[in-house]
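Trainee:
Protein chains: 2
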Amino acid sequence: MKKNLSPISDIGEFNLIDRLKKILPAVEDPGLLVNIGDDTAVIQVNEQEVWLITCDIQIEGRHFRLENTSFYNLGKRSMAVNLSDIAAMGGQPAFALVSLGLSPDMTVNNYDSLFEGMRDQLAEFNAHIIGGNLAKSEKNLIIDITMLGKAKPNQFVQRKGASFGDQIYVTGTLGDSGAGLALLEKFGREYPRKYEPLIQAHVSPKPRIDIGKKLAEKHLATAMIDISDGVASDLYHTCKMNKVGAVIDFEKLPFSTDIPEVVHLCKLDREDLLLHSGEDYELLFTVAPDNSPNLLKQLSRDFSIPISHIGTIFPPEDGYKIHDGRGIKRNLNPAGWDHFKKQN
Amino acid sequence: MKKNLSPISDIGEFNLIDRLKKILPAVEDPGLLVNIGDDTAVIQVNEQEVWLITCDIQIEGRHFRLENTSFYNLGKRSMAVNLSDIAAMGGQPAFALVSLGLSPDMTVNNYDSLFEGMRDQLAEFNAHIIGGNLAKSEKNLIIDITMLGKAKPNQFVQRKGASFGDQIYVTGTLGDSGAGLALLEKFGREYPRKYEPLIQAHVSPKPRIDIGKKLAEKHLATAMIDISDGVASDLYHTCKMNKVGAVIDFEKLPFSTDIPEVVHLCKLDREDLLLHSGEDYELLFTVAPDNSPNLLKQLSRDFSIPISHIGTIFPPEDGYKIHDGRGIKRNLNPAGWDHFKKQN
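Residue numbers (this note's numbering), protein chains in the order written: chain A, 2 to 345; chain L, 2 to 345.
1) Compute the Euclidean distance between the alpha carbons of L/Asp-19 and L/Ala-224, then round it to the nearest angstrom.
2) For chain A, find out if any of its Cβ atoms is closer than 7 Å to the Cβ of L/Tyr-237; answer yes or no.
3) Whose C-beta lies closer than 8 Å to the C-beta of L/Lys-330 among residues of the same chain, with five residues either side of it excluded?
4) Taking 7 Å as the limit between beta carbons, can you name the residues of its chain near L/Gln-49, skipping five residues before and five after?
5) Between L/Thr-108 and A/Leu-6, is the Cβ-Cβ spacing less than 7 Å?
6) Taking just the CA atoms, how far does A/Lys-215 sit from L/Asp-106?
7) Does chain A have any CB closer than 7 Å to the CB of L/Asn-110?
8) Taking CB distances under 7 Å as the criterion, tell me whether L/Asp-137 reaches chain A.
9) Just checking: is the beta-carbon of L/Glu-29 within a distance shorter than 7 Å of some beta-carbon in chain A?
10) Is there a C-beta anywhere in chain L that falls below 7 Å from the one on A/Ala-152?
11) When the Cα of A/Asn-111 is compared with those of L/Pro-206, L/Leu-17, L/Glu-318, which residue comes out closest?
12) State the CB to CB distance for the pair A/Val-288 and A/Leu-221, rounded to an integer number of angstroms; the pair is presumed to be in contact (CB under 8 Å).
13) Would you call the CB atoms of A/Ser-205 and A/Lys-23 closer than 7 Å?
14) With a cut-off of 8 Å, do at least 3 Cβ pairs link the region 62 to 72 of chain A to the region 245 to 259 of chain A?
15) So what does DSSP say about L/Lys-330, is it helix, strand or coil?
16) Taking Cβ to Cβ, would you say A/Leu-115 is nearer than 7 Å to L/Ile-130?
17) Is the Cβ of A/Ser-178 closer than 7 Å to any Cβ of chain L?
18) Do A/Met-119 and A/Met-90 have their CB atoms nearer than 7 Å?
19) Any idea what DSSP makes of L/Ala-222, helix, strand or coil?
20) Consult DSSP for A/Pro-261 and reduce its assignment to one of helix, strand or coil.
21) If the cut is a Cβ gap below 9 Å, which residues of chain A does L/Met-242 touch?
22) Is L/Pro-294 helix, strand or coil by DSSP?
23) Take every Cβ of the region 136 to 148 of chain A, pair it with every Cβ of the region 127 to 147 of chain L, and state whether three or more of those distances are shorter than 8 Å.
24) Kindly indicate if chain L contains any beta-carbon less than 7 Å away from that of A/Asn-127.
25) Could you work out which residues of chain A lie near L/Gln-46, taking near to mean beta carbons separated by less than 8 Å?
26) At least one CB of chain A closer than 7 Å to the CB of L/Met-107: is that the case?
27) Using a Cβ-Cβ distance under 7 Å, would A/Gly-246 count as near chain L?
28) Taking Cβ to Cβ, would you say A/Pro-255 is nearer than 7 Å to A/Pro-307?
29) Establish whether the CB of A/Arg-331 and some CB of chain L are separated by less than 7 Å.
30) Is there a Cβ from chain L that is less than 7 Å from the Cβ of A/Ile-130?
31) Counting C-beta neighbours from all protein chains within 10 Å, is the total for A/Pro-335 16 or more, i.e. buried, or is it exposed?
32) What's the gap between the Cα of L/Leu-103 and the Cα of L/Thr-313?
33) Short check: CB of L/Asp-281 to CB of L/Ile-212, under 7 Å?
34) Classify L/Gln-201 as helix, strand or coil using the three-state DSSP reduction.
35) Along chain L, which residues have their Cβ under 7 Å away from the Cβ of A/Asn-292?
36) Would you list the residues sitting across from A/Ile-143 in a DSSP beta bridge?
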């Protein structure tokens, strides 16, 4: 590689990941079905089973603040973030490994609570911690989790797979986690109790394992990703990977009833919140146009989770657009969360 | 769990891991052959194959200092540490996932070099990076690696398995990494060039994959661990797990020819260096008494790596002892590296 002495903040997260294509060699292993660039790697381990493997690092101050959560909820959340990647492939979680960087003045009780939260979040899906590693961190708490899930070889969903005409859907509602965070930043733990569901969406998001599995089993989703960086950004990366364009309809983006109030209260921008706030951990997926929307309605009823049609996949020359609230079609700015870009 | 409000530094790393036995539920999965407490977890994935899974977090300032190494060597080392855990089970490395916490002022070239080092270390064993995750760290570089290895179901070696009469062996030499670190701390990068092998042992340790695999395949090792915390500490934990005692012979501990000179130069304690300095990543293993030492001699010749007999496993009531340099048998202090205890 040519020497590049600029700071990594100049090129940003996705360019950094792109560089690995040049640095790392191609892997000639017939068992490796999905390599870097999806929610998880996928490895076929026998005729009936593939394994999904992902890891995610969360650093105090960047990904969470201890004043906004309990250690128990932090444990749940750190597992949920990884479970969500398994959900986005349509898999069943199985095992987790936990690497922690702990500050020595953390209490034993904090440590216990963190693991109790992790354990309870995994137990919802019959998954277990089977290993890990403890180290000392001078200052910030660091949580890195590796998650292993399982799926059938013909029943997992990648980010690749969307084609022209596919319809775009999301589970749940958008912006809840961002609104919850805004409330915590404004009120601290003294937030108005009526907004508890938004707070919960932020401190303890629900991974969409069951609905993800069903979308995969029924071969409904042609491509799928979980929304961690904001729907605009995650859809944009999916489009880029599939070499397609998309138009989404702002009026169709689903949101909770309390959102307009919180937007006003916390002086948020509604469009920004719904399109660009991350960490909702809902599923964003595409469905072939000949698939009946009734199947999705049934799924939504079965799991009591909204599934909303928000747009359509177009050829790449149509670009990446949004019908905004005034019925005007304009370019959609994919800018979501980038861990390295200076604007963050 | 009863609330314990003391800081984790009061109870230390091994007690923290022990608490997980009470917090985490038993796992009823017939495929999970080895759970928390060994160098890796072990999962049977088909009739011919088990998977070995481990992860390890390394934090700048605690596990490495950027002034002592290049990003390339740091990449190699961070993989080597994880490969060593696969070696300690007698496995063949296959895949790695890399989670990084990067400071935004790191250069793109630093980033490239880090991955090039990782790639090259893995390439020695035909293993590959297949996934990971990038995040921003305010200050310290954080490297968390998950390593997947493979073995045959009846051919992996656990920490459990040592019994009375077994003979204790180590590969390579002890204290090289500790001596290398002492030289770097005294001289910085201007260390006398004749000590390059000791420096290399610290900045780019060699995982003992090939010899570990052979010890497993030939069913020579009854129990095995890699030396990360110092031979005294790692042997002690192996003894405790196996409910056995041990006597080691100080005069038999293998060391490089330059060690006495460096001990003098850097004002080190030779016994402390050989027994308690960590990060050698050599293999420590036990062999049944009826196994001919000639097999090990042959193995040592085949791989051009010393294999030294350093002691014997005894019943637990015989305790944990050392024959010191003056021929006196005394209790061996297991104190090695503990990430949380205050003395560190």
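Even glycine gets a Cβ: it sits at the ideal position worked out from N, Cα and C.
Here the structure is a predicted model, which means the values were calculated and not measured.
Mentor: On the basis of the coordinates in this document:
1) 20 Å
2) no
3) Val-248, Lys-322, Ile-323, His-324
4) Lys-153
5) A contact, by the Cβ cut-off of 7 Å.
6) 43 Å
7) Chain A, which has a Cβ nearer than 7 Å to the Cβ of L/Asn-110, makes this yes.
8) The sequence as given places Lys at residue 137 of chain L; Asp does not occur at that position. Yes, its Cβ sits closer than 7 Å to a Cβ of chain A.
9) no
10) Chain L contact via Cβ: absent.
11) L/Leu-17
12) The Cβ separation is near 6 Å, so the contact holds.
13) No, the pair does not count as a contact, with Cβ atoms beyond the cut-off.
14) no
15) strand
16) no
17) Not one chain L Cβ lies under 7 Å of A/Ser-178.
18) no
19) Strand, per DSSP.
20) helix
21) Per Cβ cutoff of 9 Å: no residues; L/Met-242 is ~15 Å from chain A at best.
22) helix
23) Yes, they touch.
24) So no, A/Asn-127 is outside the interface.
25) With the sequence shown as reference, residue 46 of chain L is identified as Val, and Gln is not the correct amino acid for it. Within chain A, the residues near L/Val-46 are Val-46, Asn-47, Glu-50, Trp-52.
26) yes
27) no
28) yes
29) no
30) yes
31) It counts as buried.
32) 45 Å
33) no
34) helix
35) Within 7 Å Cβ-Cβ: nothing; A/Asn-292 doesn't reach chain L, min ~30 Å.
36) A/Ile-60, A/Gly-102
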